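All remarks here apply to the structure that follows.
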Amino acid sequence: MSSTAINHTLEHSGHAHDEHAHHQSFLTKYIFSTDHKMIAKQFLITGIIMAVIGMFLSILFRIQLGWPDQSFPLLETFLGKWAEGGRIKPDFYLSLVTIHGTIMVFFVLTAGLSGTFSNLLIPLQLGARDMASPLVNMLSYWFFFTACVIMMGSFFTETGPASAGWTIYPPLSALPKAISGSGIGMTLWLISMVFFIASSLMGALNYISTILNMRTKGMDLWKMPLTIWALFLTAILGTLSFPVLVAGVVLLIFDRSFGTSFYLSDLVVQGQILPQQGGSPILFQHLFWFLGHPEVYIVIMPALGITSEVIATNSRKPIFGYHAMVYSLIGITVLSFIVWGHHMFVTGMSPFLGGVFMITTLIIAVPSAVKTFNYLATLWRGNIRFTPAMLFAIGLVSFFISGGLTGIFLGNAALDINLHDTYFVVAHFHLVMGSAAICGMLSGVYHWFPKMFGRMMDEKLGYLHFWFTFIGAYLVFFPMHFMGLDGVPRRYYAFTEFEFMKEWLTVNTFISWAAIISALGQVAFLWNFFHSIFYGKRATQNPWQSNTLEWTTPVEHLHGNWPGEIPTVYRWPYDYSKPGSPVDFIPQTIPFSETMSSNFSHDFEGNPEAERIQLEWQKNDEAERLAEDKV
Amino acid sequence: MLYMTKIPLEQEIQSLKPKKFLMWLFIITSCMLFAALTSAYIVYTGGNPTRGIKVQLPVAFLYSSCLIIISSLTMHYAFKATKELQFAKQRLFLALTILLGFAFFASQWIAWTVLFESGAPFVNSNASESFIYVFSAFHILHIFAGIGMMVYTFIKQNKGIPQYRNMFNMELTSLFWHFLDILWIYLYVFLLLNQ
Numbered sequence: 021m022s023s024t025a026i027n028h029t030l031e032h033s034g035h036a037h038d039e040h041a042h043h044q045s046f047l048t049k050y051i052f053s054t055d056h057k058m059i060a061k062q063f064l065i066t067g068i069i070m071a072v073i074g075m076f077l078s079i080l081f082r083i084q085l086g087w088p089d090q091s092f093p094l095l096e097t098f099l100g101k102w103a104e105g106g107r108i109k110p111d112f113y114l115s116l117v118t119i120h121g122t123i124m125v126f127f128v129l130t131a132g133l134s135g136t137f138s139n140l141l142i143p144l145q146l147g148a149r150d151m152a153s154p155l156v157n158m159l160s161y162w163f164f165f166t167a168c169v170i171m172m173g174s175f176f177t178e179t180g181p182a183s184a185g186w187t188i189y190p191p192l193s194a195l196p197k198a199i200s201g202s203g204i205g206m207t208l209w210l211i212s213m214v215f216f217i218a219s220s221l222m223g224a225l226n227y228i229s230t231i232l233n234m235r236t237k238g239m240d241l242w243k244m245p246l247t248i249w250a251l252f253l254t255a256i257l258g259t260l261s262f263p264v265l266v267a268g269v270v271l272l273i274f275d276r277s278f279g280t281s282f283y284l285s286d287l288v289v290q291g292q293i294l295p296q297q298g299g300s301p302i303l304f305q306h307l308f309w310f311l312g313h314p315e316v317y318i319v320i321m322p323a324l325g326i327t328s329e330v331i332a333t334n335s336r337k338p339i340f341g342y343h344a345m346v347y348s349l350i351g352i353t354v355l356s357f358i359v360w361g362h363h364m365f366v367t368g369m370s371p372f373l374g375g376v377f378m379i380t381t382l383i384i385a386v387p388s389a390v391k392t393f394n395y396l397a398t399l400w401r402g403n404i405r406f407t408p409a410m411l412f413a414i415g416l417v418s419f420f421i422s423g424g425l426t427g428i429f430l431g432n433a434a435l436d437i438n439l440h441d442t443y444f445v446v447a448h449f450h451l452v453m454g455s456a457a458i459c460g461m462l463s464g465v466y467h468w469f470p471k472m473f474g475r476m477m478d479e480k481l482g483y484l485h486f487w488f489t490f491i492g493a494y495l496v497f498f499p500m501h502f503m504g505l506d507g508v509p510r511r512y513y514a515f516t517e518f519e520f521m522k523e524w525l526t527v528n529t530f531i532s533w534a535a536i537i538s539a540l541g542q543v544a545f546l547w548n549f550f551h552s553i554f555y556g557k558r559a560t561q562n563p564w565q566s567n568t569l570e571w572t573t574p575v576e577h578l579h580g581n582w583p584g585e586i587p588t589v590y591r592w593p594y595d596y597s598k599p600g601s602p603v604d605f606i607p608q609t610i611p612f613s614e615t616m617s618s619n620f621s622h623d624f625e626g627n628p629e630a631e632r633i634q635l636e637w638q639k640n641d642e643a644e645r646l647a648e649d650k651v
Numbered sequence: 052m053l054y055m056t057k058i059p060l061e062q063e064i065q066s067l068k069p070k071k072f073l074m075w076l077f078i079i080t081s082c083m084l085f086a087a088l089t090s091a092y093i094v095y096t097g098g099n100p101t102r103g104i105k106v107q108l109p110v111a112f113l114y115s116s117c118l119i120i121i122s123s124l125t126m127h128y129a130f131k132a133t134k135e136l137q138f139a140k141q142r143l144f145l146a147l148t149i150l151l152g153f154a155f156f157a158s159q160w161i162a163w164t165v166l167f168e169s170g171a172p173f174v175n176s177n178a179s180e181s182f183i184y185v186f187s188a189f190h191i192l193h194i195f196a197g198i199g200m201m202v203y204t205f206i207k208q209n210k211g212i213p214q215y216r217n218m219f220n221m222e223l224t225s226l227f228w229h230f231l232d233i234l235w236i237y238l239y240v241f242l243l244l245n246q
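Chains as they are written, first to last, in the numbering used here: chain B, 21 to 651; chain Z, 52 to 246.
Printed below as a string of structure tokens:
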């Protein structure tokens, strides 16, 4: 309904937008912009900056893990009292691990990924002028930005940033005196998170409303690109799970600052018995993981959606099993709410309940496997174009398989007794949601860079970046599996104190070198990205010869996306290499009447009139060809 | 702002539909928040005889329930008046609803003091009783947001914005307010059942 009405008023708004563009000041165009494309760029660039910070923090703690007994005077120069004598202090090490996790999970892979691509692609791929509420959309970015600033601000406090781990389990996080990071650093973490949740919710509500209400004519749900399906279901996950984190975090704030005992009981700190009694720290874990588990799917699903699009486009083949892809995304969405207990197998949970969570966890591997097989089947005998985006998409599939397999081990309640809190877990989630999601995000950046900035990124640097990232990530995370199987625990500051872990020191040094080298590889990306914004080769309108709607917009951005009427959609987005068609891609905006030679009866969804016309055309075509043969 | 004036009316009216949908989605997030809090209560209390609500719920909570049900009625009348273009009546019933909203807050405040005096303070080693305050406080935050929306609608109406805008504001406000009514009834019944 809405789309039709918007359609016939387009000529007006098109003009108005042009004029509007001239009157924008720097402030309304680049800072407090309500244009979804600008907001997408803001999310992306903020996300990239946060990713660089997160990666830098990981290099700092990798230095400690790789060379625990060595002094690096340079560290003291930069970090001051946190690295006295050139060695990172244990307290600061914990902060580094905590903030690295928080930044990467929330700020880069949730806001940076969903924020960028939902904002960019939802209106462009669905044929909408902007989001349901551009104002809320702008607020969403600025809440996110505030959250980033507050989180980074905690580095400048006397006692340092939060250091209870990104999962902020109480009592460590609930007692300001527990460790130095539990003081003001933890408070800032919580405040930052409140802003972040508000930002995520505002974003997610906007995405859902836009997808359900503002699709262009002809764009029914089953004609939506898989990216949109993925972003849609991601937004639903966020809407349902982030409020639960609010509940958990607020109760934690009450425990910290008001003296309640939701989570606290039987505690003695520095010889003093604390007044809080009767609380249950397990309660926090339930609340946290009810968000925390859907959160890992919030991270991976947009990446999966991007990959579907990039792989289909660059294999020049329709995505294999479009419906199966959608149903497995829905399956993942539903199941992700009933698996959170697998993070808590060893908290004294009833073994029966553990069994239930184990079964649901193993079941969620099924839709994930369906997706993997569909990616491989799409690649199979494709006319593959190895663009950097395509390489990263294939990289995602690789990481998703190798990281996903270890998930089956960890989801097993009995094996988890051995494996929990070891490096096996670290290896698992860094591959399956860290590396895979980052690959998906980078794939999206390379693929839609021309759409965002009207210029191309350099391909050669893209290849260099890919191989550094791909090989580097495996070299970093693969050895960690073996450390974990040997029982090496995660989050420990130094392994030199324990006899059985000493033999892993050389492996740690190796991992640290791999991490440093792959981090240096990211410079290729940063240079490529920022240089290409200004000096890249100018992009054509549809550089990847893709079918989706965003490539029908002009290269020059304008407020409202399409200068004239919003195009109507006639077909699904994956008509690549359709038999009978003279070209190997048919955009969604081409009606079937223009592609008579490549229409199939299933294209008409049982419309008898259309089938009749098609049959008639085929008969005439046949007759004409026979006549030609005779001549 | 230049282009806002140029967008034809019909298109602007159409753009309100997705915005109204946003309110429904927000209500879903609120539902999840309270579902989380009440589940947290159940998980926490879960069969442990030393936990659970050990005091009588204050009568003030009953008064709150009556007040908010009445306020839902007045809100409905305000909505009806808006539909029938009786703007003086709309303002009157909106003002009444706002007053009832504040009365609701007062009754909750009284309930808190009564609870505190009857030996169930917020800072409590039986956190089941702390949960009463948390439920009520989270709900009150929503009530304040609802009052804010009513005041906004009232002022905007007074300034004479177009009727379709006024109607839109009223739709959102009444939707939200009726939700808060149902939400409180849910919380109250939940507490009664767990007393």
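Glycine included, each C-beta is placed from N, C-alpha and C at the ideal position.
Since the model is a prediction, treat every value here as computed from it, not as a measurement.
So, at 7 Å on beta carbons, what are the nonlocal neighbours of residue i in its own chain, with the 5 sequence-adjacent residues on each side left out?
i	result
B:L505	F444
Z:Y95	R102, A178 and S179
B:L192	A184, A198, I199 and S202
Examine chain Z for any beta-carbon lying closer than 7 Å to the beta-carbon of residue i, and answer yes or no.
i	result
B:A41	Its pLDDT being 46, under 50, B:A41 is placed unreliably in this model, and the coordinates cannot settle the point.
B:N233	yes
B:A60	no
B:T259	yes
B:H306	yes
B:S300	yes
B:V264	yes
B:F377	no
B:A255	no
B:L578	no
B:L1	This structure does not reach residue 1 of chain B, given that chain B is present from 21 up to 651, and the question cannot be answered.
B:S348	no
B:A267	yes
If we define contact as Cβ-Cβ less than 7 Å, is residue i a contact residue for chain C?
i	result
Z:T204	Among the chains of the structure shown, chain C does not appear; the protein chains present are B and Z.
Strictly below 7 Å CB to CB, what residues from chain Z border residue i?
i	result
B:I228	L76
Check the Cβ of residue i against every Cβ in chain Z and list those closer than 8 Å, keeping chain order.
i	result
B:G279	V174
B:A194	Per Cβ cutoff of 8 Å: no residues; B:A194 is ~13 Å from chain Z at best.
B:L210	Within 8 Å Cβ-Cβ: nothing; B:L210 doesn't reach chain Z, min ~16 Å.
Quick one: is residue i near chain B, going by C-beta distance under 7 Å?
i	result
Z:M83	yes
Z:V106	no
Z:Y215	no
Z:L60	no
Z:Y237	no
Z:P316	This structure leaves residue 316 of chain Z out entirely; chain Z is present only between 52 and 246.
Z:K70	yes
Here's the rule I'm using: 16 or more other beta-carbon atoms within 10 Å means buried, otherwise exposed. How should residue i be labelled?
i	result
B:V359	buried
Z:I93	exposed
B:H56	buried
B:T230	buried
Z:Q240	According to the sequence shown, residue 240 of chain Z is Val rather than Gln. Under this definition Z:V240 is an exposed residue.
B:W400	exposed
Z:Q65	buried
B:A539	buried
First and last residue of the alpha helix (DSSP H) that includes residue i?
i	result
B:P470	A456 to F473
Z:N245	Per DSSP, Z:N245 belongs to no alpha helix (DSSP H) and is neither H nor E.
B:N548	L525 to Y555
B:W487	E479 to L505
Z:Q208	A178 to N209
B:H306	P301 to S335
Quick one: which chain B residues come within Cβ less than 9 Å of residue i?
i	result
Z:F144	Those within 9 Å of Z:F144 in chain B number zero; the least Cβ separation is about 28 Å.
Tell me which residues share the same chain as residue i and place their Cβ nearer than 6 Å to its Cβ, disregarding the 5 neighbours each side in the sequence.
i	result
B:H467	V330 and A409
B:I248	Q145
List, in chain order, every chain B residue whose beta-carbon is nearer than 7 Å to that of residue i.
i	result
Z:V94	L303 and H306
Z:T80	L221, T259 and P263
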